[in-house]
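Only one structure is covered here, and it is reproduced in the block below.
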Amino acid sequence: MARDLRYLADYMQDGYALAPKFTNKYLIITQLVAQQQYMFDHHTHQVDHRIISLSQPFLRPIIRGKAKAKTEFGTKFDVSLDTNGFARIEKLSFDAYNESTVLEEAVENYKERTGFYPERILVDQIYRTKKNRAYCKEHGIRMSGPKLGRPAKEPQDKQISQQDNADRIEVERFFSLAKRCNGMGLIMTKLPETVMSSIALSVLVTNLFALPTGTFFVLYVV
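Pasting the structure below:
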């Protein structure tokens, strides 16, 4: 590929020009070759803004650590479910990011919509950072999951934890429905704008099937 790029560079120095429809692809391939050469020279598998697709150069590898696939390719976004079971996209990005940083903004968005903070938040372990725990405590919000320190021995605490886990299944159901029935699991669009629009439409359609639930707030990431 590097050899072919040198041929093209020689032709362009002689006055030849690529057709406009190939110009962007040429720039992408040039950047891809530079990234591969950098990783080869430095004996690494990591490089900033790594290109993994010529047709979708905006996609990035995202380390997930799942048993099925440790690395995934596509969009990463946080979704919250409100009191009525309706989902909202809190953040959507083609680059990897730390999900825990989304919690405060998501909760503030909820307060702006409703006028008050949620009674509780049902979250994954990654959201249970010291900063997020302090934020929830400051605003009188109960965060799901074990408290810091020794495990709870009171039956009431265990019952609350079990109920939180049961209620949190709602967000899993939402993603299952969105992927199986409403297109989220088969995004075929190629442009960043159309990919984001497809995801948003999938969330919108899935919301049409949402059922009212209890007073809680769920934050999740895919």
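Mapping to the numbering used here: the sequence shown position 148 is 147, numbers consecutive. By construction, the Cβ of each residue, glycine as well, lies at the ideal position given by its N, Cα and C atoms. Source: prediction; values computed, not measured.
Spatial neighbours of residue 110 within its chain, please: CB distance less than 7 Å, with the 5 preceding and 5 following residues excluded, ordered by chain position. 116
Please give the ranges of any alpha helix (DSSP H) in the segment 167-218, keeping only runs that are unbroken, at least 4 residues long and fully inside the region. Here the runs fully enclosed are 191-206.
Does the segment 79-93 touch the segment 185-204, meaning 3 or more C-beta pairs lie closer than 8 Å? The segment 185-204 is in contact with the segment 79-93.
Do you know offhand how far residue 27's Cα is from residue 55's? 10 Å
According to DSSP, residues forming a beta bridge with residue 70: 62
Determine the direct distance from the alpha carbon of residue 57 to that of residue 214, and round the result to whole angstroms. Here the model assigns residue 214 a pLDDT of 49, short of 50, so the residue's position is not dependable, and the following value carries that caveat. If you take the alpha carbons of residue 214 and residue 57, they lie about 38 Å apart.
For residue 160, name the three-state secondary structure that DSSP assigns. Residue state, collapsed to three classes: helix.
I need the boundaries of the alpha helix (DSSP H) containing residue 21, first residue and last residue. 19-41
Collapsed DSSP secondary structure at residue 95 in the structure displayed: For residue 95, the secondary structure class from DSSP, reduced to helix, strand or coil, is coil.
So, with DSSP's three-state summary, where would you put residue 106? helix
Under a CB-based cut-off of 8 Å, is residue 105 close to chain C? As a matter of chain content, chain C is missing from the structure shown, which is built from one protein chain.
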